[in-house]
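As structure tokens, the structure follows; a few thoughts come after it.
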Amino acid sequence: MPGIDYHELRQQITMCEVLDLLGFQPTSRRGPQLRGPCPISGCRSTSDRSFSVHLARQIYQCFACRSHGNALDLWAASRGLDIYQAAMDLCHVTKRGIPSRAPLRNR
Ligand SMILES: [Zn+2]
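In my numbering, the protein residues as written are -14 to 92.
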């Protein structure tokens, strides 16, 4: 398995991009904070405000399923993937090259 540079990937992938891919429709917006229905499959919330995103801080949180994290975490949670699979999948879907870690030297 190639080593993924998660730090680099997290710089590249924005919350907006992931929300777009998930078809997220905010029901309210206050400054950088969006609220809406939770896009994570398996979340049983019926509220259209349980899911909260902070665009400036690039983080999300669902008050119903307790999922939270950054854009990559959101993709993993909504697709039922682990972080490695989510990174590969997201690079594929957005037609990006996978940022890879430079191999360690002197080992
Ligand atoms: Zn949820």
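C-beta: ideal position from N, C-alpha, C; glycine also.
Here T(-1) is actually not in contact with A49; their C-beta atoms are around 24 Å apart, not less than 8 Å.
Taking a cut-off of 7 Å from the heavy atoms of ligand 1, the residues with a C-beta inside it are C23, I25, C28, S30, S35, F36, C47, A49, C50 and S52. Here A72 is buried: its Cβ has 16 or more other Cβ atoms, across all protein chains shown, within 10 Å.
Sequence-distant partners of C47 (beyond 5 residues in either direction) whose C-beta falls short of 8 Å from its own C-beta, in its chain, are C23, I25, C28, S30, S35, F36, S37 and H53.
Per DSSP, Q18 is one residue of the beta strand (DSSP E) stretching across Q18 to G21. R42 has its alpha-carbon roughly 25 Å from the corresponding atom of G82. Under the DSSP assignment, I44 falls in the beta strand (DSSP E) whose first and last residues are I44 to C47.
A direct Cα-Cα distance of roughly 9 Å separates E(-7) from R86. For S63 and P88, the gap between their C-alpha atoms comes out near 31 Å.
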